[in-house]
Amino acid sequence: MPKLIRLYITQVLIGFALSAGFVALLLWANVANLAHLITNTSGGYVALLMLWFLNGIVFAGVQFGISIMRLARDDDRPGGGNRDALSVELTEAVPVKITPERHVRQRDVHR
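In my numbering, the protein residues as written are 55 to 165.
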């Protein structure tokens, strides 16, 4: 299995484990009376599953993003292209003769 795929699967599993811990803390602290709602309603297990799964998606994405960012190499060498100053050419206005027919056509186009 490629290293990147293995890294992704590992980070997703860690993210879902963190989500399980987070949901357990939410239920333990009874935030917004969530533990009572989940344990005393008929569809409470669905809410619990959705809470775990959707938080797992978020935590897995963040976990994978952090692990990818930590893979960055520390290379302070210049090597990102040419860093010479750009030359700025001065431009001049050029007079353009406009005939009455051309002026009418341009005005009709802008309507």
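Cβ coordinates follow ideal geometry from the N, Cα and C atoms, glycine included. The structure displayed is predicted, hence computed values, not measured ones.
If you draw a straight line from the alpha carbon of residue i to that of residue j, how long is it in whole angstroms?
{"i": "Ile-68", "j": "Thr-145", "result": "59 Å"}
{"i": "Ala-78", "j": "Lys-57", "result": "32 Å"}
{"i": "Leu-91", "j": "Leu-81", "result": "10 Å"}
{"i": "Gly-75", "j": "Ser-141", "result": "58 Å"}
{"i": "Ile-96", "j": "Asn-84", "result": "Checking the displayed sequence, the identity of residue 96 turns out to be Ser instead of Ile. Whole-angstrom Cα-Cα distance: 18 Å."}
{"i": "Met-123", "j": "Asn-94", "result": "43 Å"}
{"i": "Lys-151", "j": "Glu-143", "result": "25 Å"}
{"i": "Leu-102", "j": "Gln-117", "result": "22 Å"}
{"i": "Val-100", "j": "Ala-86", "result": "17 Å"}
{"i": "Asp-128", "j": "Ala-139", "result": "26 Å"}
{"i": "Val-148", "j": "Ile-59", "result": "60 Å"}
{"i": "Met-55", "j": "Ile-63", "result": "11 Å"}
I'd like the list of long-range same chain contacts for residue i, defined as Cβ closer than 7 Å, with 5 residues on each side in sequence excluded.
{"i": "Ala-114", "result": "Gln-65, Val-66, Gly-69, Phe-70"}
{"i": "Met-104", "result": "none"}
{"i": "Ser-121", "result": "Leu-61, Gln-65"}
Who are the Cβ neighbours of residue i in its own chain at under 8 Å, not counting the five residues just before and after it?
{"i": "Gly-98", "result": "Leu-91, Ile-92"}
For residue i, which residues of its own chain have a beta-carbon under 6 Å away from its beta-carbon, when the five flanking residues on both sides are left out?
{"i": "Ala-89", "result": "Leu-81"}
{"i": "Ser-73", "result": "Trp-106, Asn-109, Gly-110, Phe-113"}
{"i": "Gly-119", "result": "none"}
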